[in-house]
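J.:
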Ligand code: ATP
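In full-length UniProt numbering, the protein residues as written are 15 to 270.
1) In chain order, which continuous runs of the beta strand (DSSP E) of length 3 or greater are located wholly inside the stretch 177-235?
2) Please name the residue or residues paired with residue 50 in a DSSP beta bridge.
3) I'd like the span of the alpha helix (DSSP H) that includes residue 113, first residue to last.
4) Consult DSSP for residue 25 and reduce its assignment to one of helix, strand or coil.
5) Tell me, which residues are paired with residue 60 by DSSP?
6) Quick check: the Cα distance between residue 113 and residue 181, rounded to an integer number of angstroms?
7) Is the CB-CB distance between residue 231 and residue 204 below 8 Å?
8) At what residues does the alpha helix (DSSP H) containing residue 254 begin and finish?
9) Given residue 98, which residues of its chain have a CB within under 6 Å of its CB, disregarding the five upstream and five downstream residues?
10) Check residue 83 in the structure and name its three-state DSSP category.
11) Please confirm whether residue 24 and residue 76 have their CB atoms less than 8 Å apart.
12) When you compare each of 164, 170, 175 and 156 to residue 214 by their alpha carbons, which one comes out closest?
13) Let me know the secondary structure DSSP gives residue 155 once reduced to three states.
14) Quick check on residue 74: does DSSP put it in helix, strand or coil?
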């Protein structure tokens with residue numbers, strides 16, 4: 015891997031008509047770090063995530079992922095190149111089992127793998143066996159053994175969010191983007207999620223960028239926090255530094 019930060023965002027600007035959703039935003043995410051991205055509603059967090067996963071184009075600025083300019087990387091290869099993400103509106107197949115959803119996530123890693131699986135090409139059996147083993151390991155890691163063969167639609171929301179994490183992890187990302195993982199979870203589940211995010215980073219040695227409204231979670235789990243407001247970066251630093259930053263306090267009080 016290249017030296018330097020895993021992710022580097024420089025002077026990013028995105029406009030929707032008259033609205034500037036991101037204005038001159040710069041920050042780095044170091045390898046192995048858990049980074050939190052916070053900001054009141056409309057601050058630009060989702061827009062930034064969508065730029066990172068190449069759903070939106072940006073009119074100005076640059077993003078570098080693992081030493082490579084993002085705009086040079088083919089969009090359909092982002093998972094294969096090591097960028098995994100979860101979605102707020104979970105990207106799961108509701109009628110399929112937990113295990114099968116995680117297997118689908120693995121095949122996102124290679125287009126060839128996905129096609130071979132879909133077309134049942136020769137050699138698929140051995141590959142399939144290895145996939146099943148890896149999926150079973152993820153299921154164990156996430157504590158989903160009891161529900162592994164159940165359709166996702168039959169599971170409580172908190173459990174479905176765990177499956178969504180499994181789906182994103184299945185493609186073996188180096189950078190995991192988590193889009194509001196705590197949204198809709200109860201107090202107990204949020205506590206467990208914090209432990210899980212740290213365990214994921216340690217076990218899979220990956221880097222995490224987390225968009226989250228739940229301040230308790232962001233501040234307890236992050237090594238580094240970036241705060242946005244009205245599309246601008248207003249603060250950056252350790253959780254303690256960002257929490258006591260006057261502009262951050264003002265942004266949240268003003269948003270009430
Ligand atoms: P939330 O916490 O509510 O999800 P956010 O920080 O994710 O907010 P964004 O969704 O990125 O904020 O929105 C940033 C700004 O850009 C807002 O003013 C929003 O209305 C605007 N915006 C976002 N997406 C679009 C779009 N597709 N078309 C027009 N405006 C948009």
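Every residue gets a Cβ at the ideal spot worked out from N, C-alpha and C, and that includes glycine. Treat the numbers as computed from the prediction; the structure is a model and nothing was measured.
T.: Result, derived from the coordinates:
1) Within the stretch 177-235, the complete beta strand (DSSP E) segments of 3 residues or longer fall at 189-193 and 221-225, listed in chain order.
2) What you label residue 50 is simply residue 36 of the chain shown in a count that begins at 1. 224 and 239, per the DSSP bridge assignment.
3) Walking along the chain shown from the start, residue 113 turns up at place 99. Looking at the DSSP string, the run of the alpha helix (DSSP H) that includes residue 113 is 112-121.
4) Position 11 of the chain shown, counting from 1, holds the residue named residue 25. If DSSP states are grouped into helix, strand and coil, residue 25 belongs with the strands.
5) Taking the chain shown and counting its residues from 1, the one referred to as residue 60 is at position 46. None; residue 60 has no bridge partner.
6) In the chain shown, residue 113 corresponds to position 99, counting from 1. In the chain shown, residue 181 corresponds to position 167, counting from 1. Residue 113 and residue 181 have their C-alpha atoms roughly 9 Å apart.
7) In the chain shown, residue 231 corresponds to position 217, counting from 1. In the chain shown, residue 204 corresponds to position 190, counting from 1. Yes, Cβ-Cβ distance for residue 231 and residue 204 is below 8 Å.
8) Position 240 of the chain shown, counted from the first residue, corresponds to residue 254. Segment 253-257, the alpha helix (DSSP H) holding residue 254.
9) In the chain shown, counting from the first residue as 1, residue 98 sits at position 84. If you ignore the 5 residues before and after residue 98, its C-beta comes within less than 6 Å of the C-beta of 182, 185, 187 and 190, all in its own chain and listed in chain order.
10) The residue you call residue 83 lines up with position 69 of the chain shown. In the three-state reduction of the DSSP assignment, residue 83 falls in the strand class.
11) Translated into positions along the chain shown, residue 24 becomes position 10. Translated into positions along the chain shown, residue 76 becomes position 62. Result yes, Cβ atoms of residue 24 and residue 76 sit closer than 8 Å.
12) Your numbering for residue 214 matches position 200 in the chain shown. Nearest neighbour of residue 214 by Cα position, chosen from 164, 170, 175 and 156, turns out to be 156.
13) Numbered from 1 along the chain shown, position 141 holds the residue referred to as residue 155. Of the three classes helix, strand and coil, the one that applies to residue 155 here is helix, per DSSP.
14) Counted from its first residue, the chain shown places residue 74 at position 60. Three-state result, residue 74: strand.
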